[in-house]
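The structure under discussion appears below in the form of structure tokens.
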Amino acid sequence: MWQVFTWGIVGILILAVIIYLGFSYYFARMLAFPKTVTLDQERQYEEDKQMWLDFDQLPRESYQVKGWKGYPLKVERILADQPSRRYVIISHGYTSNRLGAAKYVPVYRALGYHCIIYDARGHGENPVTAVSIGYLEGKDLLAIIEDCYKRYGASIELGLHGESMGSATSLSVLAYQPKLDFVVADCGFADLRQLILEAYGRYYSKIFLPGISLVTWILYGFRLGDTRPIKAMADNQCPILFIHGSRDTLILPHHSIAMADRTPAYTRYQEVPNAVHAGSRLILGLPAYQAIIADFLQFIGK
Numbered sequence: 001m002w003q004v005f006t007w008g009i010v011g012i013l014i015l016a017v018i019i020y021l022g023f024s025y026y027f028a029r030m031l032a033f034p035k036t037v038t039l040d041q042e043r044q045y046e047e048d049k050q051m052w053l054d055f056d057q058l059p060r061e062s063y064q065v066k067g068w069k070g071y072p073l074k075v076e077r078i079l080a081d082q083p084s085r086r087y088v089i090i091s092h093g094y095t096s097n098r099l100g101a102a103k104y105v106p107v108y109r110a111l112g113y114h115c116i117i118y119d120a121r122g123h124g125e126n127p128v129t130a131v132s133i134g135y136l137e138g139k140d141l142l143a144i145i146e147d148c149y150k151r152y153g154a155s156i157e158l159g160l161h162g163e164s165m166g167s168a169t170s171l172s173v174l175a176y177q178p179k180l181d182f183v184v185a186d187c188g189f190a191d192l193r194q195l196i197l198e199a200y201g202r203y204y205s206k207i208f209l210p211g212i213s214l215v216t217w218i219l220y221g222f223r224l225g226d227t228r229p230i231k232a233m234a235d236n237q238c239p240i241l242f243i244h245g246s247r248d249t250l251i252l253p254h255h256s257i258a259m260a261d262r263t264p265a266y267t268r269y270q271e272v273p274n275a276v277h278a279g280s281r282l283i284l285g286l287p288a289y290q291a292i293i294a295d296f297l298q299f300i301g302k
């Protein structure tokens with residue numbers, strides 16, 4: 001009788017573990033391989049919001065950069081109006097693609113910057129691969145930074161601008177202390193695990209976070225805890241402008257505030273009233289958004 005009972009308990013535990021790992025795999029797969037938008041869909045969104053402007057007419061060149069472990073990244077350089085040694089790399093958000101950066105290009109071109117836009121790993125026209133929402137992407141961005149100096153010269157001025165996941169990527173790369181003049185981080189998060197807890201409920205998420213992280217580590221080579229941009233803030237010396245919408249309910253403003261407080265470098269925090277997630281550029285309009293960045297760059301002497 002006791003033997004039957006014991007085997008019954010063991011069977012239930014094994015079944016529970018299988019179910020737990022099954023759900024963990026399902027959620028990890030959803031996280032690492034999101035349903036991304038096409039270039040046409042992104043373009044249509046920008047046009048509908050009247051943020052596409054004259055992007056089609058801008059002079060550009062396309063090329064490929066080898067990211068981390070040789071992963072191929074689709075890259076474009078949008079030329080400034082006049083000859084310039086100023087460059088900015090613009091990183092798009094989760095599920096988007098390089099055309100999601102189109103709305104930021106006029107901001108920097110008006111300030112004399114060439115704009116580098118690219119498809120993050122697993123997005124746009126790049127090969128399908130696992131997405132880490134900042135950690136592996138930071139390694140890719142480091143390769144693009146190094147390529148910029150090789151391609152355009154060691155004396156160029158180079159900054160970063162990121163939106164959402166692109167913001168997390170732009171901040172994560174600071175851990176490698178690349179040569180940079182500034183970072184603009186729009187609606188970024190400080191810690192991926194904290195973001196998941198806030199977005200999907202603490203009780204539900206706490207149960208599955210360890211399992212999801214185990215699956216992503218075994219199958220895709222990263223843990224959820226690896227994507228933690230706030231870690232890069234401790235030794236950072238690069239000036240950062242944090243921009244965050246006051247009505248952002250996906251990534252709460254306290255993420256940007258916490259990172260601004262953590263770094264010893266000069267930072268500025270700009271909260272945009274009534275802006276939802278990734279909505280600051282839209283709600284402010286081009287002139288006002290550009291003015292915020294121009295004032296920051298002028299203050300740091302750029």
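For the sequence shown, counting from 1, position 179 maps to 179 in the UniProt record's numbering; every step adds exactly one. Just so you know, even glycine gets a beta-carbon here, dropped at the ideal spot from N, CA and C.
Whole beta strand (DSSP E) elements within the segment 132 to 206, 3-residue minimum
157 to 163, 182 to 186
Among Ser24, Tyr20, Cys115, which residue has its Cα nearest to the Cα of Pro59?
When each option's Cα is compared against that of Pro59, the closest is Cys115.
Quick check: the Cα distance between Thr129 and Lys139, rounded to an integer number of angstroms?
Spanning the two alpha carbons is a distance of roughly 14 Å.
Would Ile196 and Leu209 qualify as a contact pair, given that the criterion is a beta-carbon distance under 8 Å?
When the beta-carbon positions are compared, Ile196 and Leu209 come within less than 8 Å of each other.
Considering only their Cβ atoms, is the gap separating Ile243 from Val173 smaller than 8 Å?
Contact: no.
Taking the alpha-carbon positions, what's the Gln82 to Glu61 distance?
16 Å
Rounded to whole angstroms, what is the Cα-Cα separation between Asp119 and Ile19?
35 Å
So if DSSP puts Ile14 in a beta bridge, which residue, or which two residues, is it bridged to?
Answer by DSSP bridge pairing: none, since Ile14 is not bridged.
At what residues does the beta strand (DSSP E) containing Ile240 begin and finish?
Element bounds for Ile240: 240 to 245.
Is Tyr118 helix, strand or coil by DSSP?
strand
Does the Cβ-Cβ distance between His161 and Tyr104 come in under 8 Å?
yes
When you compare the CB positions of Ile292 and Gln270, do they come within less than 8 Å of one another, or not?
yes
DSSP on Leu73, reduced to helix/strand/coil?
DSSP, reduced to helix, strand and coil, places Leu73 within a strand of the structure shown.
I'd like the span of the alpha helix (DSSP H) that includes Gln41, first residue to last.
39 to 48
Cut-off 7 Å between Cβ atoms - residues of its own chain near Ser155, not counting five sequence neighbours on either side
Arg85
Between which two residues does the beta strand (DSSP E) holding Ser91 run?
86 to 91
Does the separation of the CB atoms of Ser167 and Gly188 fall below 8 Å?
yes
Run the CB neighbour count on His123, radius 10 Å, all protein chains shown included, and call it buried at 16 or more, exposed below.
buried
Hey, Lys74 and Arg98: beta-carbon distance below 8 Å or not?
The answer is yes: Cβ separation under 8 Å.
Where do the N-terminal and C-terminal ends of the alpha helix (DSSP H) with Tyr289 fall, by residue?
286 to 299
How would you label Val107, buried or exposed, when you count the other beta carbons within 10 angstroms and need 16 or more for buried?
buried
Cβ-based neighbour list, Ser246, same chain, cut-off 8 Å, excluding 5 preceding and 5 following:
The residues are Pro253, Glu271, Val272, Pro273, Asn274, Ala275.
For a quick check, are the C-beta atoms of Glu76 and Ile117 less than 8 Å apart?
yes
Would you check if the distance between the CB atom of Ala258 and the CB atom of Ile230 is smaller than 8 Å?
yes
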